[in-house]
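As structure tokens, the structure follows; a few thoughts come after it.
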Amino acid sequence: VGKNKHIFTLVFVTLAALGYLRQLPVNLLDSKASQGELGWISYPSHGWEEISGVDEHYTPIRTFQVCNVMEYSQNNWLRTNWIPRQSAQKIYVELKFTLRDCNSIPLVLGTCKETFNLLYLETDDDQGSHFREHQFSKIDTIAADESFTQTDLGDRILKLNTEVREVGPLTKKGFYLAFQDVGACVALVSVRVYFKKCPYTVRNLATFPDTVPMDSHSLVEVKGLCVNHSKEEEPPRMYCSTEGEWLVPIGKCLCNPGYEERSNTCQMCRAGFYKSALGNLECSKCPPHSFSHHEGSLHCGCEKNFFRAEGDPASMACTRPPSAPRNVISSINETSVILDWSWPEDTGGRRDVTFTVLCKRCRGVTANGSNSGTQRCEPCRSNVRFLPRAAGLHNTTVTVGDLLAHTNYTFEIEALNGVSALAPKMRQYAAVTITTNQAAPSPVTVIRKEKTSRNSVSLSWQEPERPNGIILDYEIKYYEKEEQETSYTILRARGCNVTLNGLKSNTAYLLQIRARTAAGYGASSPTFQFETSPDSFSISSESSQVVLIAISAAVAIILLTVLLYVLIGRFCCRSKSKHPDEKRLHFGNGHLRLPGIRTYVDPHTYEDPSQAVHEFAKELDASCIAIDKVVGAGEFGEVCSGRLKLPSKKEICVAIKTLKGGYTDKQRRDFLAEASIMGQFDHPNIIRLEGVVTRSKPVMIVTEYMENGSLDSFLRKHDAQFTGIQLVGMLRGIASGMKYLSDMGYVHRDLAARNILVNSNLVCKVSDFGLSRVLEDDPEAAYTTRGGKIPIRWTAPEAIAYRKFTSASDAWSYGIVLWEVMSYGERPYWEMSNQDVIKAVDEGYRLPPPMDCPATLYQLMLDCWQKERNNRPKFEQIVSILDKLIRNPGSLKITANTTSRPANLLLDRSSSEVPSMGTMGDWMDGMRTLPCKEAFSGVSYSSCDTLAKTSTEDLKKVGVTIVGPQKKIVSSLKALDSHTKNGPVPV
């Protein structure tokens, strides 16, 4: 190591991280390490002898040897000192020895052996020199792979043997080793006792302590502890193998903000660097115009006169307010002005620059900016208009209108960005002063008729909103409506009222007014119409208005009285005629629902299926849907996975069913019927409908995405990988969803594991609500009746025979699903044909319990398969039963394979469809009740032992060719053989 110490350390750490270094075994005893006498006990004393020697490397060692081959009946023992076992539960004994070939020893008088025995004794304390042969347990007889001869002795070529033996498990505090010689010529060169352990290590920023394997058959799970300044992302774990190796690292820790991963530790970020979030990324260098003077910074502070806005990420450079806009140009048009400017020379390092225009009306300032006295400024009137607006401008131009004529204005144009509010003293603006031109007044907008007579009318009006100077007079132009301005009269008035005389009676006139200032006439007012009074009626306008108001009020009172009378009468009649129970809520399809009770509505009752779809399903915009890939094919088109992004909502993964092109109206109705059904359900164990696309092509049904697909294929893929509680949890979810459907009055008709979908959290959801669908690719999968196709293996007998589909028939199907789950996706009734299944079920045959199926769950299956549908459990009862099993997991340990069939505790019934047999005769009678009973007619066996040896080939010879009953019979035979002495045996 020496000069290259750092290089060696780096290589060592790297190899350790890559898993190439293992912990050396922990020695409990090593005879080669002793420099003096070992002090082991030899019995008898003339047997084993301790001597000094050298090993194969000529290193001085202490050895023991014995060679009393010239004497008969040798029994020489050598015992080590007491060896504390420390934390070891399993130890290894390594022996290095030489042994002489008996044939090479001349004139052997005794009995020569070429083996010796290795023994051990466990004790809780050191027993000193106390020695009893019978207390020791034999580990093994040790034989040499190679022995030496007389010739080898002359050539000094001794053949060293190495043997390793495993001892354990050890339970006491220590132990002795003993070596028994029964007549061999052997020398123990060295004895080493050691045990293995997984060494202390750091993996994924978690420390794992020294760990000793528990036994030779299992891995030890060890939980890691996150290193300092880190937190768990997922609990870190590893497994310690029996060979002292760490295996299967799971989970990891992440360095805290301000810390980064270095050399399997989390160390503070250096000065000038920062890390703002939890994670194992390296610390980042401070962005421009920012700094961090201390270690472990979460973010970098900004330099002087630089800032960071509240919404700016820590990785963004610090910025400053922009400089003032440049090159302001004004274009005046009477009482409006167009302002135009250039972008600031310095935007402060940001892109979110906007402009604000402030308007001031100033006195004492000329247009060229020279001061003619004391400057007095005030904000512009609120009616000054800015186009497009005064603040938040992204462009460099604005139009300001509705200013006063011949008036001085100052406009301040300020550039702002995201940090301007943080530095008010640094804000800069460009100013421009203008003087508006002389302008004509704005039009008169309000004209009132004061009095009317046969030959005259009195009018008044309001001054224009913007007079733009002193109004000199008003011009009134009027003419008869029928003459259309071919002959008109003009009057001038200094005030805001006038009386027009010499008019014709009962005649309509049109009138316009415009104001005049030193700048000239303004625009004319909108045309105003008035009429003079007829000859027989001359009354002031005020009187006319009073009369009209009085008449209108009288009519309104009469109408209101009549309306109230009618409403009160109808309300009273309806209250008397309607019973309270008759109050209903009506829907567009004519269905009735009781208030507060949610029931299922069949979409096929709608005359227009589109009405049902839009009543129960949300219409989606096709642009919000992104299809990623095709994952399968349905009856009507492809099934895809994709993403749905609705406005102001997070993007989610979805499944998309598409309707292929060239569809018929019936196919479209059947396709959308499933969406109309799904849209009525809202339950965590029912597949959720996100919406439909019907107004563009292709037509789509969009549902939530279930990552693990259908339950049957998922179980087959993960065979025997779940605990009983996990399986019961899945079943509970399915039952909860079916309870919800049952409460709504919906009958599924096709409940099967293939129609249950599983998400990433193992939540099972009921799906496939299409009323027209392909049940399976296998034509044998469905049995066709007059009313359509039925999935025979999952359907209750009454539904097959009479098409009586109810929640009770769904309960039968749930029992089959329960069997599928516990058998990890096995096909119900195996390879039996549909006709065989119908016949067998009708004759009382029921599926046997799957392997290792808990007895309580198999009893629930049998309850669901009661022939009398009223005896089957309701889904509410099923959910309650499964909840009890989850709360008491110990009840799942009793399996239906090894125990008698339990009493029916789930439902109150006095009889059981599957009998228990106590004798071989009972068993034969039971077998004759199966679908293969004809095969057993006339068959007899002499004993249970003969029955137990029956194989499937024997059953085929007597005519039992159906796979299901074969498995049932063989299982029963084994149970009969092993339990006939202990009581009744279940079939």
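For the sequence shown, my numbering assigns the number 50 to the initial residue and increments by one for each residue that follows.
For each residue, glycine too, the CB sits at the ideal point set by N, CA and C.
All of these numbers come straight from a predicted model, not from anything done at the bench.
For Ser697, same chain residues with a beta-carbon under 7 Å away, outside a window of 5 residues either side, do not exist. With contacts defined by Cβ atoms closer than 9 Å, Pro473 and Pro490 do not form a contacting pair. Residue pairing from DSSP places Val242 in a beta bridge opposite Leu78 and Val142. Pairwise C-beta distances place the region 251–266 in contact with the region 299–307, as three or more of them are shorter than 8 Å. In this structure, DSSP gives Phe771 a state outside helix and strand, which the three-state scheme calls coil.
CA-CA distance, Glu700 to Glu463, rounds to 39 Å. Proximity to Asn810 across Gly758, His797 and Phe854 peaks at Gly758, based on C-alpha coordinates. By the Cβ-count criterion, Tyr169 is buried, with 16 or more other Cβ atoms from all chains shown falling within 10 Å of its own Cβ. The Cβ atoms of Val75 and Leu144 lie no closer than 9 Å to each other.
By the criterion of a C-beta distance shorter than 8 Å, Gly794 is surrounded in its chain by Thr648 and Tyr649, once the five residues flanking it on both sides are discounted. Take the alpha-carbon of Ser509 and the one of Thr581: they are about 16 Å apart. Counting C-beta atoms within 10 angstroms of its own C-beta, Val495 has fewer than 16 neighbours from the protein chains shown and is therefore classed as exposed. Between Ile387 and Thr448, the beta carbon gap of about 5 Å places them in contact (Cβ cut-off 8 Å). DSSP places Asp859 in the uninterrupted alpha helix (DSSP H) bounded by Ser856 to Met871. DSSP, reduced to helix, strand and coil, places Leu559 within a strand of the structure shown. With a minimum length of 3 residues, the unbroken runs of beta strand (DSSP E) contained wholly in the region 224–303 fall at 234–244, 250–252, 255–257, 269–272 and 279–289. Judged by beta-carbon spacing, Thr403 lies within the 9 Å limit of Leu465, meaning their Cβ atoms are closer than that value.
Runs of the beta strand (DSSP E) lying entirely within the region 730–780 and spanning at least 3 residues, in chain order: 738–742 and 749–753.
Pairwise C-beta distances place the region 222–237 in contact with the region 160–176, as three or more of them are shorter than 8 Å.
Contact between Leu552 and Val493 is ruled out by a C-beta separation of about 21 Å, above the 8 Å threshold. Annotation: Ser94 is outside any alpha helix (DSSP H) and is labelled neither H nor E by DSSP. The continuous alpha helix (DSSP H) containing Glu925 extends over residues Phe924 to Arg936. By the CB criterion at 9 Å, Lys409 and Pro437 fall outside the cutoff.
By the C-beta criterion, the region 104–116 is judged not to be in contact with the region 136–143, since fewer than 3 inter-stretch pairs fall below 8 Å. Asn883 is classed as buried because its beta carbon has at least 16 other beta carbons within 10 Å across all chains shown.
A direct Cα-to-Cα measurement between Met287 and Val271 gives close to 5 Å. In this structure Lys324 is in contact with Cys318, their Cβ atoms being roughly 5 Å apart against a cut-off of 8 Å. In the three-state DSSP reduction, Lys474 falls in the helix class (H, G or I). Inter-segment contact for the region 113–131 and the region 87–94 is present: three or more beta-carbon pairs are separated by less than 8 Å. When rounded, the separation of the alpha-carbon atoms in Ala236 and Pro298 is 46 Å. Secondary structure of Val662 (DSSP, three-state): helix. Here the alpha carbon of Ala440 sits roughly 43 Å from the alpha carbon of Gln578. One Cα belongs to Cys902, the other to Thr944, and the distance between them is close to 5 Å. Just so you know, the alpha carbons of Glu875 and Ser762 end up roughly 10 Å apart. Cβ-Cβ distances below 8 Å link Phe180 to Ile90, Tyr92, Trp126 and Arg128 in the same chain, with the five nearest sequence neighbours on each side left out; the list follows chain order. CA-CA distance, Lys814 to Gly864, rounds to 16 Å.
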